[in-house]
Amino acid sequence: MVKISKALVGSALAATLFVAPFNLQVSAERGEWMPIEVNLDGKILDLPTDPVIKSGTTLVPMRAIFEVLGAKVTWDAKTKKVEAVKDSTTIELTIGSKSGKVNGKVSEASVPPQLVEGNTLIPLRYVSEAMGMHVAWVESERQVFIAQDKEIEGTTMASVTALYNKYAPTFKGNRYSEQPSYSAPYKAGKLSDGFLQDGLKSANFIREMADLPILVLDDQLNEQAAYGAMLLQAANEFSHAPSKPSDMSEDVYKKGFASTKSSNIHMRTEGATPVELSETVKSMVNDAGVADLGHRKWVLNPKLYKVGFGYGSDYPEGSTANKTSMSLMQVFDESQPVKANYDYISWPSKGYFPIQSMELNMMFSVSLNPDKYQTPDYYKLSGTVTNKTDGSVFKLTPDKTEGFYLHPAGYGSGPVISFPYRDEDKLFDAPKAGDEYVVEISGVNNTNGTPATIKYTVKLFAL
């Protein structure tokens, strides 16, 4: 028996649509007037003095931070020098000087240690990195995240950061090399290659995170998607089956319709900063608030290889007014030459996962390889999601846990188990860097009928 989700579910051959909210990234941003937080691997530190920012660098109370990091501190009031020792690492700093020493080797901090309202403050990044820790700034939370990097599920914070940097969006400029026209005479236009590449890079970052083979852009699919984006804007409809404008030729309409019926489509109201294709792809895969996770299933289809992107906006380039953008990703291709070797596809992917890629209300999912697992009986499934950071255990129970669904095999990949990762009353609280979730699902059988358990860890961190 399959638990049927209450959201709109397309047929096994239909792609999916997604209306993106203004911004569901992690949480509503903390105001600039809020104090800066220091997050030590999921624990918000209670420091005796609020951190301050000087020239873009976060300064924190000297003794408190060294002690939290497990270092022994020696302070010389006469020379205004501090020495901190932890294991085999010795750090030497002097008030007012950018020059410091790590194990006797001179290096330079971005700003010097200094006295602020009688408190000795030191640069957090300098001392944390000197101790071999990962350091990142979370702008939306006004938070510095620091943590010791250690391997989890074959990943490290360094390896995921390197993968992100490999695929980071870089394009700047006009999105169109040929401008579209949303009224007669209709023109599909053409997207700039760099803009398209950013969409592809985002998809391939996601695919590599999930241990899936990468994708390539296809010129014909890009052209098809351009017609689809133009049709959606011309019809002013967000639909896989938009109506034909009365003055549009049948030929042009058919080209656009062929795109909209075979793609993920995405709509967003944007302000002065237009939506990037990289953000569009990320939203499609996260599918926050979408019960059947159709976008995610298509992008994470192991057989997917050739893709194309379309983008249309109902305001001219450079306009500062709110506008509606509609994006498409052609996802029906199944010509992937590399056979994926996997037991299941999890999202968020197992191991370290960037907090910047999380969205509020985002569901976890596990897509089973149909060559290795039978389609489960929904009512025999059960599971837990344990947050090792705070010790909480969230139980997954059929018909009792809202959002705990089984989606049958069909489009995208094999059967998918989707589930929330925490209590409903916490869905609108920001997940935080340092949270570590252990997922365990039972009630699954191998293809030979023997019982199996799915168990993996997702560790959130800040890039």
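So that you can map any letter, position 203 of the sequence shown is 218 in our numbering, and since no number is skipped, the others follow by simple counting. Just so you know, even glycine gets a beta-carbon here, dropped at the ideal spot from N, CA and C. Note that this is a predicted model, so its numbers are computed, not measured.
M146, buried or exposed, once every other Cβ within 10 Å from all chains shown has been counted against 16: Counting from one through the sequence shown, the residue named residue 146 turns up at place 131. Taking every protein chain shown into account, the CB of M146 has 16 or more other CB atoms within 10 angstroms, so this residue is buried.
Anticipated Cβ contact below 8 Å, M373 with F434, distance rounded: Position 358 of the sequence shown, counted from the first residue, corresponds to residue 373. Position 419 of the sequence shown, counted from the first residue, corresponds to residue 434. Contact between M373 and F434 fails: their C-beta atoms lie close to 15 Å from each other, not under 8 Å.
Selection from T109, P260, P317, E123 that minimises the alpha carbon distance to D226: Here residue 226 is taken as the residue at index 211 of the sequence shown, counted from 1. D226 has its Cα closest to that of P317, out of T109, P260, P317, E123.
Cα-Cα separation, Y357 to K312: Translated into the one-based positions of the sequence shown, residue 357 becomes position 342. Translated into the one-based positions of the sequence shown, residue 312 becomes position 297. Approximately 15 Å between the Cα atoms of the pair.
Terminal residues of the alpha helix (DSSP H) in which M172 lies: For the purposes of this step, residue 172 is taken as the residue at position 157 of the sequence shown. Start and end: 172-182.
Nearest-angstrom Cα separation, counted from T284 out to F37: Within the sequence shown, residue 37 is the residue found at index 22, counting from 1. Within the sequence shown, residue 284 is the residue found at index 269, counting from 1. Since pLDDT at F37 reaches only 37, below the 50 mark, its modelled position is unreliable, and the value read off the structure follows with that caveat. Using only the alpha carbons, I get a separation of about 7 Å.
Burial state of V353 (16 or more Cβ within 10 Å): Here residue 353 is taken as the residue at index 338 of the sequence shown, counted from 1. Answer is exposed; the Cβ neighbour count stays below 16.
Three-state class that DSSP yields for R2 in the structure shown: Outside the displayed span of the chain (16 to 478) sits residue 2, for which this structure offers no information.
Distance CB(L232)-CB(D348) smaller than 9 Å: Along the sequence shown, read from residue 1 onward, the residue named residue 232 stands at position 217. Along the sequence shown, read from residue 1 onward, the residue named residue 348 stands at position 333. When the beta-carbon positions are compared, L232 and D348 stay at least 9 Å from each other.
Straight-line Cα distance separating K165 from S174: As a first step, residue 174 must be located in the sequence shown, where it is residue number 159. As a first step, residue 165 must be located in the sequence shown, where it is residue number 150. Approximately 11 Å, taken between the alpha carbons.
Nearest-angstrom Cα separation, counted from S103 out to G429: Position 414 of the sequence shown, counted from the first residue, corresponds to residue 429. Position 88 of the sequence shown, counted from the first residue, corresponds to residue 103. In a straight line, the C-alpha of G429 is about 50 Å away from that of S103.
For G309, the nearest candidate out of S125, Y326, P423 (CA to CA): By one-based count along the sequence shown, residue 309 stands at place 294. Among S125, Y326, P423, the Cα nearest to that of G309 is on P423.
Segment contact flag, the stretch 103-123 with the stretch 58-67, C-beta cutoff 8 Å, min 3 pairs: no
In DSSP terms, what M146 is bridged to: Along the sequence shown, read from residue 1 onward, the residue named residue 146 stands at position 131. Answer is none; M146 lacks a bridge partner.
Sequence-distant residues of the same chain with beta carbon closer than 7 Å to G325, five excluded per side: Start at 1 with the first residue of the sequence shown, and residue 325 comes out as number 310. So the qualifying residues of the chain are A240, A241, G243, A244, S274, S342, L343.
Bounding residues of the beta strand (DSSP E) (the contiguous stretch that carries M263): Position 248 of the sequence shown, counted from the first residue, corresponds to residue 263. According to the DSSP assignment, M263 belongs to no beta strand (DSSP E), since it is labelled neither H nor E.
Where M49 falls, given that 16 or more other Cβ within 10 Å makes a residue buried: Counted from its first residue, the sequence shown places residue 49 at position 34. Under this definition M49 is an exposed residue.
DSSP state of Q212 mapped onto helix, strand, coil: Mapped onto the sequence shown, residue 212 falls at position 197. DSSP places Q212 in helix when its eight states are reduced to three.
Distance between K101 and P446 (C-alpha atoms, nearest Å): For the purposes of this step, residue 446 is taken as residue 431 along the sequence shown, with counting starting at 1. For the purposes of this step, residue 101 is taken as residue 86 along the sequence shown, with counting starting at 1. P446 and K101: Cα-Cα distance of roughly 31 Å.
Counted within 10 angstroms of its Cβ, other Cβ atoms place Q40 as buried (16 or more) or exposed: Position 25 of the sequence shown, counting from 1, holds the residue named residue 40. The predicted position of Q40 is uncertain, since its pLDDT is 38 and thus under 50; a value taken from the coordinates is nonetheless stated next. The residue in question, Q40, is buried, as its Cβ has 16 or more Cβ neighbours within 10 Å.
G309 - DSSP class collapsed to helix/strand/coil: The residue you call residue 309 lines up with position 294 of the sequence shown. Correct three-state label for G309: helix.
Complete beta strand (DSSP E) runs within the stretch 97-124 (minimum length 3 residues, chain order): Runs of the beta strand (DSSP E) lying entirely within the stretch 97-124 and spanning at least 3 residues, in chain order: 104-109, 114-117, 120-123.
Host beta strand (DSSP E) of S298 (start-end): By one-based count along the sequence shown, residue 298 stands at place 283. Unbroken run through S298 is the alpha helix (DSSP H), 292-301; no beta strand (DSSP E).
Local conformation of M77 per DSSP, three classes: In the sequence shown, the residue the question calls residue 77 occupies position 62. Helix at M77.
Opening and closing residue of the beta strand (DSSP E) in which G398 lies: In the sequence shown, counting from the first residue as 1, residue 398 sits at position 383. Element bounds for G398: 397-402.
Contact under 9 Å by Cβ, R190 with T135: Within the sequence shown, numbered from 1, the residue matching residue 190 stands at position 175. Within the sequence shown, numbered from 1, the residue matching residue 135 stands at position 120. Taking 9 Å as the Cβ cut-off, R190 and T135 do not qualify as a contacting pair.
Same chain, Cβ closer than 7 Å to A43, neighbours up to 5 away in sequence not counted: Mapped onto the sequence shown, residue 43 falls at position 28. Confidence in A43 is poor, its pLDDT being 43 and thus under 50, which makes the residue's placement unreliable; the coordinate value appears in the next sentence. Excluding residues within five positions, none has a Cβ falling inside 7 Å.
Cβ shell of P363 (< 6 Å), same chain only, five flanking positions each side left out: Numbered from 1 along the sequence shown, position 348 holds the residue referred to as residue 363. Taken in chain order, the residues that qualify are V473.
Of the listed residues D262, V296, G327, nearest to L206 (C-alpha basis): Locating residue 206 in the sequence shown gives position 191, where the first residue counts as 1. Distance check between L206 and each of D262, V296, G327 places G327 closest, using alpha-carbon atoms only.
Residue environment, E154, which counts as buried when at least 16 other CB atoms sit within 10 Å: Numbered from 1 along the sequence shown, position 139 holds the residue referred to as residue 154. Burial call: exposed.
Range covered by the alpha helix (DSSP H) that runs through L236: For this step, residue 236 is matched to residue 221 along the sequence shown. Where L236 is concerned, the enclosing alpha helix (DSSP H) stretches over 234-250.
Unbroken beta strand (DSSP E) run spanning Q371, endpoints: Taking the first residue of the sequence shown as position 1, residue 371 is located at position 356. Run containing Q371: none; DSSP gives neither H nor E here.
Segment contact flag, the stretch 178-189 with the stretch 211-223, C-beta cutoff 8 Å, min 3 pairs: yes
Cα-Cα separation, P200 to K338: For the purposes of this step, residue 200 is taken as the residue at position 185 of the sequence shown. For the purposes of this step, residue 338 is taken as the residue at position 323 of the sequence shown. Cα-Cα distance, rounded: 22 Å.
Outcome for I68 when other beta-carbon atoms lying within 10 angstroms are tallied against a minimum of 16: Within the sequence shown, numbered from 1, the residue matching residue 68 stands at position 53. So I68 counts as exposed.
R45 (DSSP reduced to helix, strand or coil): The residue given as residue 45 occupies position 30 in the sequence shown. Caution is warranted here: a pLDDT of 48 is assigned to R45, below 50, making its placement in the model unreliable, and no coordinate value can be reported.
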